[in-house]
Every structure is written in structure tokens, then in C-alpha cells.
Amino acid sequence: MNNPAMLPPLALPFAVNGMLARLPAADRHYLLANGEYVGLVGATVLAHCSEAISAVYFPLDCVISLTAAGSARNSLGVGLVGNEGMLGNELILGADSALLHAQVQCPGTALCVARALFTQRLAQSPQLQHELKLALQLHMQQLAQAAVCARFHLVAGRLARWLLLTHDRMPGNAFHITHEFLARMLGVRRVGITMAATELQRLGVISYRRGDITVLDRAGLEAAACSCHASQGH
0 MNNPAMLPPL ALPFAVNGML ARLPAADRHY LLANGEYVGL VGATVLAHCS
50 EAISAVYFPL DCVISLTAAG SARNSLGVGL VGNEGMLGNE LILGADSALL
100 HAQVQCPGTA LCVARALFTQ RLAQSPQLQH ELKLALQLHM QQLAQAAVCA
150 RFHLVAGRLA RWLLLTHDRM PGNAFHITHE FLARMLGVRR VGITMAATEL
200 QRLGVISYRR GDITVLDRAG LEAAACSCHA SQGH
């Protein structure tokens, strides 16, 4: 992982991250003592596929997108990491390098722990190993669902699903994502995102202006989403 662009760190409580909250006290205290809170700027690349992992991140109020590249110009969003988990769970496989491209989608704060310190604790903690296995299983489900979604579903439904996935991981109803970023995540042209966002606004489920998105009607957005939203792998 690369050194990310950082904002001034914020001392937010660990309980904002579900994985940290589920760990035994000894594991949690170790990670908090050996990590640091970092502010992550939007669009910052945290990992390049096949490059060495140098640190892991526990998001608190930020969202990290995971993408697979088809070519130098084409990519597809295959999952998100937010306050439910951790970036870097492939370490449970003994992997030295990242399996996917990781980029900050929504800026915010995360707990960052150096790889060497994290893997030291990982070798000693069955519960931490268990949590990483569960997180890896979730990402595998997200990857499979993303393939189905991209092949069979319309852009408006896919966009609604991606916004719901983001909303699930954010502390409020408002967040910032540009047309260009969403186009890369969904593997479509920007005009496709514009048309889909216009349709969702017409339904009254979101407001969207210059990348500033507000979820106005969660239930309505769920109704507009493709069937993948009701499947596993959220």
C-alpha cells in the first residue's frame, strides 16, 4: 500500500468500526496502541493490485472502494470497505500483495496499523483471524455479485445499489461522489451515470448536484435498486 494523502488526524472512538468493536479487549488495545488515526482524502489510492501491502486500515467514517481493472482505461467496482471492516484482509491468506485496487471513495478517518505490527498480532489471535476470514468471505460475495450485476442489470438500478452500499457505511445521509468516480465504479460512461442519477432524482429518492448526494428516501432507493441489493454481499 502507498502512503496516502492525509488530513490532520482526528481522535475518533474505536467503536465506530465494527470489526474493532467485536475483537477481544486485548486485541483491540494492541491495535489502538500500535496504530494511528489518519484523515484520508477522497480519491487517494491506498493499494494497487499486485503491489506490496504496507499497512491495513480500519475505516471509521470513510468509505474505500475496491476495483478490478480490465485495462488501463477500464475498471469495475467490485466492493466497498467501510466502518464494518478493514482494508487488507487478504493478509489472512499469507498474501504479500493487494488483490484489488483500493481508493478512498468518501473521505474521512481510519485507524492505520503498519503491516508488520498487524501480522504479529494476527499470528497470536484466533479471534482476529476469524474476523479477517469473515471479511474475506464478504468481499468474495461482493466480487461475485458485482459480476452478475454488471452483466444483467440496468445502470439506474446498479447506481441505486452502489449508493445504498455507500449509505450503509456513512454516518449520515449526505456524501460526495463525482459522476466520473461513479462511472469508473460501474464500468459505464459518464452520460450513463447522468441519466441514471436524473431518474433517481425524478423518483425523489436522492438529490444530486455537482457530486453532492443526499439520500432523501431510503426505502424508495431500495425499491429502485436492482435485485442484487437483496442478495448477500452487502
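Letter 213 of the sequence shown, counting from 1, is numbered 212 in numbering that gives the first Met the number 0, and no numbers are missing.
In this text, a Cβ means the ideal position worked out from N, Cα and C, and glycines have one as well.
Backbone secondary structure at residue i - three-state DSSP
i	result
V154	helix
P259	Residue 259 is absent from the model: the chain starts at 0 and stops at 233.
L11	No answer about L11 holds up, because its pLDDT of 47 lies below 50 and its placement is not dependable.
T165	helix
A24	helix
C61	coil
A68	strand
N1	With a pLDDT of 46 at N1, under the threshold of 50, the predicted position of this residue should be treated as unreliable, and no value is reported.
G78	strand
L6	Any reading at L6 is ruled out, since the residue's pLDDT is 42, under 50, leaving its predicted position unreliable.
V214	strand
V55	strand
H138	helix
C48	coil
V204	coil
L19	helix
A159	helix
A94	coil
Where the beta strand (DSSP E) containing residue i begins and where it ends
i	result
L220	Segment 217 to 223 is the alpha helix (DSSP H) holding L220; no beta strand (DSSP E) there.
E35	34 to 39
A229	Per DSSP, A229 belongs to no beta strand (DSSP E) and is neither H nor E.
H175	173 to 175
R209	Unbroken run through R209: none, as it is neither H nor E.
Pick from the options that is closest to residue i, judged by C-alpha positions
i	options	result
H228	R72, A97, A195, L158	L158
A113	P106, G84, L90	L90
A94	V55, G210, L137, P106	V55
G41	E179, A224, D216	E179
W161	E35, F117, L99, Q104	Q104
L22	H100, A109, V154, M85	M85
I205	Q102, G191, L163	L163
L153	L199, L98, A109, G38	L199
L45	L19, A109, S74	A109
Residue i - containing alpha helix (DSSP H), residue span
i	result
V190	189 to 201
A42	Where A42 is concerned, there is no enclosing alpha helix (DSSP H), given that its DSSP letter is neither H nor E.
M85	Looking at the DSSP string, M85 is not in any alpha helix (DSSP H), and its letter there is neither H nor E.
A122	It is not in any alpha helix (DSSP H) - A122 carries neither H nor E in the DSSP assignment.
E179	178 to 185
Contact with chain C by residue i, beta-carbon distance below 8 Å
i	result
G87	Looking for chain C here will not work: only one protein chain is present.
CB-CB length for residue i against residue j, believed under 8 Å
i	j	result
H28	A68	The Cβ separation is near 38 Å, so there is no contact.
N82	R168	6 Å
S96	A51	6 Å
Q102	I63	7 Å
I192	L181	5 Å
Counting Cβ pairs closer than 8 Å, one from the stretch 207 to 223 and one from the stretch 171 to 187, do we hit at least three?
yes
If contact is defined by three or more beta carbon pairs under 8 Å, each pair taking one atom from either stretch, is the stretch 141 to 149 in contact with the stretch 31 to 40?
no
Would you call the stretch 47 to 61 in contact with the stretch 132 to 139, where contact means no fewer than 3 C-beta pairs closer than 8 Å?
no
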